[in-house]
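Visitor: Below: one structure in structure tokens.
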Amino acid sequence: MTSSNPAPGPDAAGVVGRLRATFATHRTVSAKWRRDQLTALRTLLTEHRDDLLGALAADLGKGPEEAYRTEIGFTLNEIDHTLDRLDDWLAPRPAELPERLLPATARVVREPLGVVLVIAPWNYPLQLALAPLVGALAAGNCAVVKPSELAPATSAAIARLLPRYLDADAVAVVEGAVPETTALLAQRFDHIFYTGNGTVGRIVMTAAAQHLTPVTLELGGKSPVVLDPGTDLATAARRLVVGKFLNAGQTCVAPDYVLAIGDTARDIEPHLAEAVRETYGADPAAAPEYGRIVNERHFDRLTALLDSGRTVIGGTHDRATRYLAPTVLADVSPHAPVMQEEIFGPILPIITVPDLGAAIAFINDRDKPLALYAFTDSDDTKHRLLTETSSGALTFGLPVAHLTAPDLPFGGVGESGMGRYHGEYSIDTFSHTKAVLDKPLDKPLG
Ligand code: NAD
1 MTSSNPAPGP DAAGVVGRLR ATFATHRTVS AKWRRDQLTA LRTLLTEHRD
51 DLLGALAADL GKGPEEAYRT EIGFTLNEID HTLDRLDDWL APRPAELPER
101 LLPATARVVR EPLGVVLVIA PWNYPLQLAL APLVGALAAG NCAVVKPSEL
151 APATSAAIAR LLPRYLDADA VAVVEGAVPE TTALLAQRFD HIFYTGNGTV
201 GRIVMTAAAQ HLTPVTLELG GKSPVVLDPG TDLATAARRL VVGKFLNAGQ
251 TCVAPDYVLA IGDTARDIEP HLAEAVRETY GADPAAAPEY GRIVNERHFD
301 RLTALLDSGR TVIGGTHDRA TRYLAPTVLA DVSPHAPVMQ EEIFGPILPI
351 ITVPDLGAAI AFINDRDKPL ALYAFTDSDD TKHRLLTETS SGALTFGLPV
401 AHLTAPDLPF GGVGESGMGR YHGEYSIDTF SHTKAVLDKP LDKPLG
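Take 1 as the starting number for the sequence shown in full-length UniProt numbering and just add one per residue.
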């Protein structure tokens, strides 16, 4: 068994053709095949844990604890959750029929779509390639996985290992950048699952339209944090720092900026500075669990944002090692450069707003975020944020955590994406929900 790395062009058609021939054998439909694939993926992650941690360190300077928890452990949880519940999820669901169709029976059946494409980004290069694959395989599909070329060590590990553990005629890995992805996108898939930025999301959706292929777009954007007066600011600061500076801020659901109501802006500053020191020590450059910026282009983009406000903590950087300190900026204007696009790095701007109404107006003036976070003790504030704003997810008190709960759908809305996955939502994404009606020929029509 070998990995599939076609040159751009006709080889993409060859890979898809090979997978389509496998799908046509119907072997991927059986629950046993699905379970075998998930179990094999589990074994791969366990047996090659150290290889994978090495690749993640090489690509993003990820420390072993964080890399294990957010990439390998995360995917193992997704596999285990799926294996535990797969029989229930695949069981046909009886449906009621109107009187005039009786006697007859009806059920709703989830069937695999066929051959799907998973396109992954660089920031969680293992998790974001494999967690969608868990859903695709659990739903009985063949899949092409296209890892990100910006995380080359992880991409190479995925290409080397997947065909050794999984059904290599049902799962192919295609490495490469724009030309290879373009060649893949010219093929007809039965679903395309893309994670990355919205510009490429539009390219993916345009290509998918040629074949009427449904898409899931897991995109990003600026996820705000609302700070309500009266909340415990020391706890809020600690939880914000953990969510923001994970993976050096290169997390799609990282808190992008803080909307601090009234005096909370000034009051949280010392707590944030303290929380950074508590989490990463006096010199985060020496902290084994603090990551690095993925490449020089992103490093230069981020350091150009540093004079968008008054530095509360951080601001130091080193291009040679692509280190950018955990940074908090205060007194930031909504017109500052740091507020124009998703930051996707370890810079946390604080914007002061007079009241909750102004915070809600600020959020609603912008694209719908992938996540909205709030620290508040007020049920009224919670209710207003729930009913007066729209976002992929809404989390009170613990940024980023929602994506680790597999019973919660994960996805965006508007500019932050379309579709959702994790747990049973992945089965929905990668299945066709088929209506089946059975009316006996020897029974009368109503
Ligand atoms: P990236 O540069 O790795 O690109 C993502 C994928 O798109 C890669 O596999 C790449 O090869 C492919 N690609 C790039 N240009 C292409 C083109 N012109 N045609 C076809 N394919 C192309 O990653 P990125 O886009 O920089 O990722 C960061 C973005 O992704 C951020 O906006 C982040 O918020 C978002 N993101 C979202 C999620 C989520 O789950 N919603 C998760 C992670 C990242």
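Backbone N, C-alpha and C fix where the C-beta goes; we use that ideal spot for every residue, glycine too.
Along the beta strand (DSSP E) that carries Leu-394, what are the first and last residues, could you check?
Guide: Counted from its first residue, the sequence shown places residue 394 at position 394. Here the beta strand (DSSP E) through Leu-394 covers 393-396.
Visitor: Mind reading off the beta-carbon distance from residue 447 to Leu-83? Whole number of angstroms is fine, and I expect it under 8 angstroms.
Guide: There is simply no residue 447 to check, as the chain begins at 1 and stops at 446 in what is shown.
Visitor: Can you tell me where the beta strand (DSSP E) with His-191 in it begins and where it stops?
Guide: By one-based count along the sequence shown, residue 191 stands at place 191. 191-195 is the span of the beta strand (DSSP E), which, as asked, contains His-191.
Visitor: In terms of residues, what are the limits of the alpha helix (DSSP H) holding Asp-59?
Guide: Counting from 1 along the sequence shown, the entry for residue 59 is found at position 59. Unbroken alpha helix (DSSP H) run through Asp-59: 49-60.
Visitor: Tell me which same chain residues have a C-beta within less than 6 angstroms of the C-beta of Gly-291, skipping the five on either side of it?
Guide: Position 291 of the sequence shown holds residue 291. Around Gly-291: Leu-60, Gly-61, Lys-62, Asn-247 and Ala-248.
Visitor: Around the C-beta of Ser-223, are 16 or more other C-beta atoms found within 10 angstroms, so that it is buried, or is it exposed?
Guide: For the purposes of this step, residue 223 is identified with residue 223 of the sequence shown, where counting begins at 1. Burial call: buried.
Visitor: State the DSSP-derived secondary structure class of Phe-299, mapped to helix, strand or coil.
Guide: Position 299 of the sequence shown, counting from 1, holds the residue named residue 299. Looking at Phe-299 - three-state DSSP - the assignment turns out to be helix.
Visitor: Counting only runs of 4+ residues fully inside the segment 98-123, write out the alpha helix (DSSP H) ranges in chain order.
Guide: Those alpha helix (DSSP H) runs which fall completely within the segment 98-123 and span 4+ residues do not exist here.
Visitor: Is the segment 183-203 in contact with the segment 113-125, if contact means three or more CB pairs nearer than 8 angstroms?
Guide: These segments touch.
Visitor: Taking the beta carbon of Gly-423 as the centre, do at least 16 other beta carbons fall within 10 Å, making it buried, or is it exposed?
Guide: On the sequence shown, position 423 is the one that residue 423 refers to. Buried.
Visitor: Quick one: what does DSSP say Pro-255 is sitting in, helix, strand or coil?
Guide: Along the sequence shown, one-based indexing puts residue 255 at 255. Pro-255: strand per DSSP, three-state reduction.
Visitor: On the DSSP letters alone, give me the boundaries of the beta strand (DSSP E) that Tyr-68 sits inside.
Guide: As a working mapping, residue 68 is identified with position 68 in the sequence shown. From DSSP, Tyr-68 is part of no beta strand (DSSP E); its letter is neither H nor E.
Visitor: Name the residue from Leu-86, Arg-18 and Leu-44 whose alpha carbon lies nearest to the alpha carbon of Ala-31.
Guide: In the sequence shown, the residue the question calls residue 31 occupies position 31. Nearest option by C-alpha distance: Leu-86.
Visitor: I need the straight-line Cα distance from Tyr-323 to Gly-419, nearest angstrom please.
Guide: For this step, residue 323 is matched to residue 323 along the sequence shown. For this step, residue 419 is matched to residue 419 along the sequence shown. Taking the straight line from one Cα to the other gives about 34 angstroms.
Visitor: Where does Arg-420 sit, in a helix, a strand or coil, going by DSSP?
Guide: Position 420 of the sequence shown holds residue 420. If DSSP states are grouped into helix, strand and coil, Arg-420 belongs with coil.
Visitor: I want to check one thing, is the minimum distance from the CB of Gly-14 to the heavy atoms of the ligand NAD below 8 angstroms?
Guide: Position 14 of the sequence shown, counting from 1, holds the residue named residue 14. No, the Cβ of Gly-14 stays beyond 8 angstroms of every heavy atom of the ligand NAD.
Visitor: Identify every residue that forms a DSSP beta bridge with residue 448.
Guide: Past the boundaries of the shown model lies residue 448; the chain is included only from 1 to 446, so the question cannot be answered.
Visitor: Would you kindly report the start and end of the unbroken beta strand (DSSP E) that includes Glu-218?
Guide: In the sequence shown, residue 218 corresponds to position 218, counting from 1. Residues 215-218.
Visitor: Just the Cα atoms here: how many angstroms apart are Phe-375 and Thr-327?
Guide: Your numbering for residue 375 matches position 375 in the sequence shown. Your numbering for residue 327 matches position 327 in the sequence shown. The alpha-carbon atoms of Phe-375 and Thr-327 are separated by roughly 20 angstroms.
Visitor: Please confirm whether Leu-361 and Pro-349 have their CB atoms less than 9 angstroms apart.
Guide: Within the sequence shown, numbered from 1, the residue matching residue 361 stands at position 361. Within the sequence shown, numbered from 1, the residue matching residue 349 stands at position 349. Inspection of the sequence shows that residue 361 is occupied by Ala rather than by Leu. Contact: no.
Visitor: Residues in its own chain within less than 7 angstroms of residue 476 by CB, not counting five upstream and five downstream?
Guide: In the structure as shown, the chain begins at 1 and stops at 446. Residue 476 is therefore absent and cannot be evaluated.
Visitor: Assuming Asp-267 is part of the alpha helix (DSSP H), what are its boundary residues?
Guide: Counting from 1 along the sequence shown, the entry for residue 267 is found at position 267. 264-280 is the span of the alpha helix (DSSP H), which, as asked, contains Asp-267.
Visitor: Could you check whether the segment 385-403 touches the segment 362-374, counting it as contact only if at least three pairs of C-beta atoms, one from each stretch, sit closer than 8 angstroms?
Guide: With the cut-off at 8 angstroms, the segment 385-403 and the segment 362-374 touch.
Visitor: Grab the span of the alpha helix (DSSP H) containing Leu-233 for me, first residue to last.
Guide: If you number the sequence shown from 1, residue 233 lands on position 233. 233-245 is the span of the alpha helix (DSSP H), which, as asked, contains Leu-233.
Visitor: In chain order, what residues of the same chain lie with their CB nearer than 8 angstroms to the CB of Thr-381, ignoring the 5 residues before and after it?
Guide: Residue numbering aside, residue 381 sits at position 381 when the sequence shown is read from its first letter. So the qualifying residues of the chain are Val-226, Asp-228, Leu-356 and Ala-374.
Visitor: Alpha carbon to alpha carbon, what distance is there between Thr-75 and Trp-33?
Guide: Start at 1 with the first residue of the sequence shown, and residue 33 comes out as number 33. Start at 1 with the first residue of the sequence shown, and residue 75 comes out as number 75. Answer to the nearest angstrom: the Cα atoms are 19 angstroms apart.
Visitor: Locate the beta strand (DSSP E) running through Arg-310, then write down its first and last residues.
Guide: Taking the sequence shown and counting its residues from 1, the one referred to as residue 310 is at position 310. Counting along the chain, the beta strand (DSSP E) containing Arg-310 begins and ends at 310-313.
Visitor: Pick helix, strand or coil for Ala-168, following the three-state DSSP scheme.
Guide: Here residue 168 is taken as the residue at index 168 of the sequence shown, counted from 1. Three-state DSSP puts Ala-168 in coil, outside helix and strand.
Visitor: If you measure between the beta carbons of Leu-259 and Ile-347, is that distance less than 9 angstroms?
Guide: As a working note, residue 259 is residue 259 in the sequence shown. As a working note, residue 347 is residue 347 in the sequence shown. The answer is no: Cβ separation not under 9 angstroms.
Visitor: Within 10 Å of its beta-carbon, does His-298 have 16 or more other beta-carbons around it, so buried, or fewer, so exposed?
Guide: Here residue 298 refers to the residue found at position 298 when the sequence shown is read from its first residue. His-298 comes out buried.
Visitor: Which residue marks the beginning of the beta strand (DSSP E) containing Leu-352, and which one marks its end?
Guide: If you number the sequence shown from 1, residue 352 lands on position 352. What sits at residue 352 in the sequence shown is Thr, not Leu. Start and end: 347-353.
Visitor: Given that a residue counts as buried once 16 or more other Cβ atoms are within 10 Å of its Cβ, and exposed if not, what is Arg-175?
Guide: Residue 175 sits at position 175 when you count from the first residue of the sequence shown. Reading off the sequence, residue 175 comes out as Glu, not Arg. Result: buried.
Visitor: With a threshold of 16 other CB atoms inside 10 Å of the CB of Gln-127, please say whether the residue is buried or exposed.
Guide: The count along the sequence shown starts at 1 and reaches residue 127 at position 127. With 16 or more Cβ atoms within 10 Å of its Cβ, Gln-127 is classed as buried.
Visitor: Quick one: residues in its chain with C-beta nearer than 6 angstroms to the C-beta of Leu-272, no 5 flanking neighbours on either side, listed in chain order?
Guide: The count along the sequence shown starts at 1 and reaches residue 272 at position 272. Closer than 6 angstroms at Cβ, skipping near neighbours: Ala-237 and Val-328.
Visitor: Indicate whether the contact test is met: 3 or more Cβ pairs, each with one atom in the segment 183-190 and one in the segment 149-164, closer than 8 angstroms.
Guide: Because the criterion of three Cβ pairs below 8 angstroms is not met, the segment 183-190 and the segment 149-164 do not touch.
Visitor: Alpha carbon to alpha carbon, how far is Pro-440 from Leu-102?
Guide: Taking the sequence shown and counting its residues from 1, the one referred to as residue 440 is at position 440. Taking the sequence shown and counting its residues from 1, the one referred to as residue 102 is at position 102. One C-alpha to the other measures close to 10 angstroms.
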